[in-house]
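The C-terminal position of the sequence shown is numbered 623 in this note's numbering, with every residue numbered one higher than the one before it.
No residue lacks a Cβ here, since even glycine has one placed at the ideal position from N, Cα and C.
Predicted, not measured: the structure shown is a model, and the values here were computed from it.
For reference, the structure discussed in these notes is given below.
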Amino acid sequence: MRRRVAALLEREPAGLWIGTFHSLCARLLRREAARIGFTPQFTIYDEDDRLALIKRLLERAGYAPRSYPPRQIQSVISGAKNRMVTAEELGAAAEDRFSRVAAEMYHELERALALANAMDFDDLLLHPLTRAQYLLVRQLAAQHRDICVVGDDDQSIYSWRGADIRNMLDFQHDFPDAELVRLEENYRSTQVILSAANGVIAEKQRLGKTLYTTRAGGDAVVVVAAADERDEAEWAAREFRERAAADLHAYADLAVLYRTNAQSRAFEEAFRRAAIPHRVVGAVAFYDRREVKDILAYLRLVANPADNEAFLRAVQVPRRGIGIASLRTLQEAAAQWQKPLLSVAAIADRVMELRPHAKEGLRDFASLIERLRDRRAEATPAGMLEDIIEATEYEACLQEEGVEGIERMENVRELVAAAAEWSEEVDPDESSSLVEQFLQRTALASPDESTSGDAEGITLMTVHTAKGLEWPVVLLAGMEDGLFPLSRALDTAEGLEEERRLAYVALTRAQDRAYASWARARRRGGQLMPGTASRFLDALPPELVEERRTSGLFGVLESQDAPRYVKGERVFHRRFGTGVIRELSGQGRSLKVTVEFDDDEVGTKQLLVAYAGLERALEGA
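Okay, here's the thing in structure tokens:
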């Protein structure tokens, strides 16, 4: 921005303040800090600094982190500051115990920051005039009424970072003499893509504009119905490979955008199987994500109690009061006795140098792993993963991380789904258990031996990360109600409207061609759940849409709780083809079917209905 201003003025813009809100306010506060009780040398605490301080304040006050997660407390305080709500006002409005504790911690945080001559990022905006960003701008322009703002109300998609669309919607009310200039010409997309995006966004809570372009016409938006997430990804691999083979586009011209990071897993694997170069941007590759590696560490330890690296990772998640010093002592004892760490943990009482609390934590951990190992003989990899998640209370651990923890739990559920999907298609190797075979499969999926980091490949990223970027061809994946828009966004009108703006942003990333895909069923937490097309797809003008489906053998999806199949019924499996149900056993999530497939090489297989993705075969199939 500074370079652009210098080019316009044809000289260095000396004396002008050019920067972000936070940098401008920090500069102002350095000059005027004494007026509000600080020195010019005040420290700025980042998110991690503030979180660590809140954790200590909670501990000092005797509040358990399980009942009062520090990240959630921090989120409440940050939200209050951005709304210009003081600690006293937050406390006065509190209607439950959690809110009262948050208000108390808000007050204690302010005291601690003042004593440390420090401010957090929210304070940088609040202290200059005790105002948030928009009110700060309004005050700065109050005297001369000389202000210019640029923004797009249709691309306000960061409410969880404090963005508020009302800043733009209220601007004309606060500055009625301002001239409104609509920048409606788009230089990126075809008119078809823009008209489709206009159809999605043509709702309320906006200033109103209609994009146009000199790129008249264009290919229709292709809406694809898939059987499940793997079918969706495999279709994308085939479609994109055909475009590349026909020299229509290079792989680097193609992008897959999705609502949640967990959705990348199916596409990463489909592209890897098809040897299609690709890269995951803005997120770690699926099997390298912290939460995925945490749960796999438990599974590795269940399969191999001598896996010391898995032990060192698993024993610290969730935290058990076993610190680095205790683990070092344990490692020294294990080396001296020439035993695996897990074996020594089971007899931690014999390690005299360990504190009593650490001994108890290590014994409990060893007992937990032993209980899990007792179940491994009969359990599938997906079932074993579910047992681990339940036994460790891992979801509760992630909930302490707020919104980020919710997204991480989605990745954990996707891992269970991956294990379930793998189990239904693997040909068992009698030399090792299914759990061991699955672990081998995840190890071989390491990005070190794949093309997932190829800069010349297909780009995979979330829609949020894609804002401001563009590609000739874009696939918007997972367009189902409950996924896009997210289920939690449907609780409020504001949440749904932000999801609508996010869909608009996603569509307008495409220059030449846009695809949108949805799945009739998707594995969530290991279960195959029915899906319905997103309401945003319904908003697309029908004349601009070309509908496709990946297979002509879609059966009728029914509730997982209803009896779905009977003996003698013909069914279709995506990999094994058509066959006849010969036996049924179990019920609920344990319901199994024995299917005699028409292909002699496939033969007869027993499948778990919850994971198998079976469909009723069409008549004559």
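Looking at C-alpha atoms only, which residue of the options is the closest neighbour of residue i?
i                 : options                        : result
leucine 616       : Arg524, Asp602, Leu546         : Arg524
phenylalanine 538 : Glu416, Asp148, Val547         : Val547
valine 465        : Glu458, Val476, Gly459, Ala457 : Val476
methionine 698    : Glu61, Glu106, Gln193, His24   : A question about residue 698 goes unanswered here, because the residues of the chain that appear run from 3 up to 623.
isoleucine 324    : Lys341, Glu496, Phe367, Arg378 : Phe367
valine 568        : His575, Leu31, Gly284, Ile583  : Ile583
threonine 580     : Gln265, Leu586, Leu593, Lys607 : Lys607
leucine 610       : Val597, Ala248, Asp601, Arg618 : Val597
glutamate 311     : Ile20, Leu343, Asp148          : Leu343
arginine 232      : Met386, Leu593, Arg526, Ala619 : Arg526
arginine 522      : Ser191, His109, Phe123, Ala229 : Ala229
valine 282        : Tyr260, Arg275, Ala276, Glu293 : Tyr260
alanine 479       : Ala257, Phe44, Pro544          : Ala257
Give the straight-line distance between the Cα atoms of residue i and residue j, rounded to the nearest whole angstrom.
i              : j                : result
isoleucine 203 : alanine 518      : 16 Å
aspartate 450  : methionine 481   : Low local confidence applies: a pLDDT of 37 at aspartate 450 is under 50, so the model's placement there is unreliable, and no value is given.
glutamine 562  : glutamate 90     : No answer about glutamine 562 holds up, because its pLDDT of 37 lies below 50 and its placement is not dependable.
aspartate 255  : leucine 196      : 19 Å
arginine 267   : methionine 463   : 11 Å
threonine 132  : alanine 8        : Unreliable positioning characterises threonine 132 in this predicted model, as indicated by a pLDDT of 49, which lies under 50. The coordinate reading is nonetheless provided below. Each residue's alpha carbon lies about 32 Å from the other.
glycine 605    : glycine 570      : 16 Å
methionine 411 : arginine 357     : 33 Å
glutamate 1    : arginine 502     : A query on residue 1 cannot be resolved here, the shown segment of the chain reaching from 3 to 623 and no further.
alanine 541    : glycine 201      : 6 Å
glycine 533    : valine 224       : 19 Å
alanine 54     : lysine 295       : 24 Å
serine 536     : tryptophan 520   : 8 Å
alanine 180    : glutamate 409    : 41 Å
tryptophan 473 : aspartate 514    : 8 Å
leucine 332    : glutamine 340    : 12 Å
alanine 66     : alanine 96       : 19 Å
alanine 264    : threonine 444    : 16 Å
serine 454     : arginine 33      : Interpretation of serine 454 is limited by its pLDDT of 42, a score under 50 that renders its predicted location unreliable; the figure taken from the coordinates is listed afterwards. Answer to the nearest angstrom: the Cα atoms are 49 Å apart.
threonine 215  : arginine 184     : 14 Å
glutamate 112  : alanine 28       : 18 Å
alanine 116    : phenylalanine 40 : 7 Å
valine 103     : lysine 57        : 13 Å
glutamate 244  : glutamate 234    : 16 Å
leucine 400    : glycine 407      : 5 Å
alanine 1      : tyrosine 253     : With the chain running from 3 to 623 in the structure shown, residue 1 is simply not present.
proline 42     : threonine 22     : 19 Å
serine 77      : arginine 577     : 46 Å
proline 72     : alanine 35       : 29 Å
leucine 374    : aspartate 600    : 38 Å
histidine 175  : leucine 92       : 28 Å
alanine 512    : glycine 17       : 41 Å
glutamate 186  : aspartate 148    : 24 Å
leucine 498    : arginine 490     : 9 Å
glutamate 458  : histidine 251    : 12 Å
Look at the Cβ atom of residue i, then the Cβ atom of residue j, and state whether they are nearer than 9 Å.
i              : j                 : result
glutamate 403  : proline 320       : no
leucine 301    : valine 437        : yes
isoleucine 371 : isoleucine 297    : no
arginine 551   : alanine 239       : no
isoleucine 278 : histidine 129     : no
isoleucine 460 : phenylalanine 273 : yes
threonine 382  : serine 345        : no
asparagine 188 : leucine 127       : no
methionine 3   : leucine 59        : no
alanine 335    : arginine 315      : no
alanine 276    : phenylalanine 313 : no
glutamate 417  : leucine 387       : Reading off the sequence, residue 417 comes out as leucine, not glutamate. Contact: yes.
proline 543    : alanine 218       : no
aspartate 124  : isoleucine 75     : no
alanine 2      : glutamate 293     : Outside the shown range of the chain (3 to 623) lies residue 2, about which nothing can therefore be said.
serine 435     : alanine 379       : yes
**Report entry** Runs of alpha helix (DSSP H) lying entirely within the region 379-425, each at least 4 residues, in chain order
**Finding:** 383-394, 396-401
Query - Any beta strand (DSSP E) of 3 or more consecutive residues that is wholly inside the region 504-539 - result: 512-521, 523-526, 529-532
Query - Complete runs of the beta strand (DSSP E) confined to the region 186-259 [at least 3 residues] - result: 223-228
Report task. Please specify which runs of the alpha helix (DSSP H), each continuous and at least 4 residues long, are wholly inside the region 296-363, giving them in chain order. Result -> 310-316, 326-339, 343-348
Report task. Take every Cβ of the region 280-292, pair it with every Cβ of the region 502-517, and state whether three or more of those distances are shorter than 8 Å. Result -> no
Query raised in the report: Which ranges does the alpha helix (DSSP H) cover as unbroken runs of at least 4 residues, wholly within the region 52-87, from first to last along the chain?
Result: 72-84
Query raised in the report: For the 8 Å Cβ check, are there 3 or more pairs between the region 481-491 and the region 295-312?
Result: no
Query raised in the report: Any contact of the region 7-27 with the region 71-90, i.e. 3+ C-beta pairs under 8 Å?
Result: no
Requested in this report: Return the chain-ordered ranges of every beta strand (DSSP E) run that is complete within the region 587-612 and spans a minimum of 3 residues.
Outcome: 594-599, 606-610
Report task. Starting from the N-terminal side, write out each stretch of the beta strand (DSSP E) that is 3 residues or longer and does not extend beyond the region 93-127. Result -> 120-122
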